[in-house]
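K.L.:
Just so you know, we're using the numbering used here here: the sequence shown kicks off at 46 and counts up by one.
Ideal placement from N, C-alpha and C gives every residue a C-beta, glycine not left out.
Here the structure is a predicted model, which is why all the values come from computation and not from measurement.
Quick one: this structure, given as structure tokens, is what I'll be asking you about.
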Amino acid sequence: GAAVGTALILVGALDPLVHTLPIDGVCDYVLPDAARAAWAPMVCARIGLAFVFLQSVHYAAWLRLVPEAMRPRPGMRGFVGGLRALEVDLTRVGVVALAILAAGLVLAGAFDATWARATYLSLASFHAYLELAFLGRWLAGASAR
Numbered sequence: 046g047a048a049v050g051t052a053l054i055l056v057g058a059l060d061p062l063v064h065t066l067p068i069d070g071v072c073d074y075v076l077p078d079a080a081r082a083a084w085a086p087m088v089c090a091r092i093g094l095a096f097v098f099l100q101s102v103h104y105a106a107w108l109r110l111v112p113e114a115m116r117p118r119p120g121m122r123g124f125v126g127g128l129r130a131l132e133v134d135l136t137r138v139g140v141v142a143l144a145i146l147a148a149g150l151v152l153a154g155a156f157d158a159t160w161a162r163a164t165y166l167s168l169a170s171f172h173a174y175l176e177l178a179f180l181g182r183w184l185a186g187a188s189a190r
């Protein structure tokens, strides 16, 4: 699904949609200046849209699909159930601290969006290494079998 969606975006099947989106900011974030200067604006827009699409697939998998697959009971969990499960993982103090941090970052973003984005990205950057560690553990387990 993700490969098909990405291919459709990159070959231009969704170009009519691209014209309706404010994609320039995403392109500025995703692509270096040299690429934006050398490539046609539509190519840059397609890459920007593909980035957004793949990020949504990535987060849907890790935040919704994987946790749901690990649940002992079938069916989707509601908000309150998800909050309770988060409390089991992080404790109530951890959930409150996370909520305060998130609210503070949103509030800071109202005053300095660039700083807030940089702070969020620095806080979130560890997760790529966490995913690589999980991949390594999974591969090690698969090769041991």
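Quick check: does the Cβ of residue 129 come within less than 6 Å of any heavy atom belonging to the ligand MN?
P.N.:
With respect to small molecules bound, the structure shown includes none, and the ligand MN cannot be examined in it.
K.L.:
Is DSSP giving residue 121 helix, strand or coil here?
P.N.:
In the sequence shown, the residue the question calls residue 121 occupies position 76. In the structure shown, residue 121 sits in coil (DSSP, three-state: anything other than H, G, I, E or B).
K.L.:
Within its chain, find whatever has a CB closer than 8 Å to the CB of residue 95; leave out the 5 residues flanking it on each side and keep chain order.
P.N.:
If you number the sequence shown from 1, residue 95 lands on position 50. If we look at residue 95 and ignore the five residues flanking it on each side, its Cβ neighbours are 51, 54, 55.
K.L.:
State the Cα-Cα distance for the pair residue 82 and residue 143, rounded to the nearest angstrom.
P.N.:
Sequence index remark: in the sequence shown, residue 82 carries index 37 (1-based). Sequence index remark: in the sequence shown, residue 143 carries index 98 (1-based). Distance between the alpha carbons of residue 82 and residue 143 is about 40 Å.
K.L.:
Which two residues bound the contiguous alpha helix (DSSP H) that contains residue 223?
P.N.:
Outside the shown range of the chain, which is 46 to 190, sits residue 223, and nothing can be said about it.
K.L.:
So for residue 172, helix, strand or coil by DSSP?
P.N.:
Taking the sequence shown and counting its residues from 1, the one referred to as residue 172 is at position 127. Three-state result, residue 172: helix.
K.L.:
Let me check understanding here. Comparing Cα to Cα, which of 139, 165, 134, 137 lies closest to residue 149?
P.N.:
Here residue 149 refers to the residue found at position 104 when the sequence shown is read from its first residue. The option with the nearest alpha carbon to residue 149 is 165.
K.L.:
Pull up the distance between the alpha-carbon of residue 88 and that of residue 132, whole angstroms please.
P.N.:
By one-based count along the sequence shown, residue 88 stands at place 43. By one-based count along the sequence shown, residue 132 stands at place 87. C-alpha separation (whole angstroms): 44 Å.
K.L.:
Alpha carbon to alpha carbon, what distance is there between residue 57 and residue 80?
P.N.:
The count along the sequence shown starts at 1 and reaches residue 80 at position 35. The count along the sequence shown starts at 1 and reaches residue 57 at position 12. Each residue's Cα considered, the two are about 18 Å apart.
K.L.:
Short check: CB of residue 47 to CB of residue 102, under 7 Å?
P.N.:
One-based indexing of the sequence shown puts residue 47 at position 2. One-based indexing of the sequence shown puts residue 102 at position 57. Contact: yes.
K.L.:
At the level of alpha carbons, what is the spacing between residue 91 and residue 84?
P.N.:
Residue 91 sits at position 46 when you count from the first residue of the sequence shown. Residue 84 sits at position 39 when you count from the first residue of the sequence shown. The alpha-carbon atoms of residue 91 and residue 84 are separated by roughly 11 Å.
K.L.:
Given a threshold of 16 other Cβ atoms within 10 Å of its Cβ, counted over all protein chains shown, does residue 93 qualify as buried or as exposed?
P.N.:
Sequence index remark: in the sequence shown, residue 93 carries index 48 (1-based). So residue 93 ends up on the buried side.
K.L.:
How would you call residue 68, buried or exposed, if buried means at least 16 neighbouring beta carbons within 10 angstroms?
P.N.:
For the purposes of this step, residue 68 is taken as the residue at position 23 of the sequence shown. With 16 or more other Cβ atoms within 10 Å, it is buried.
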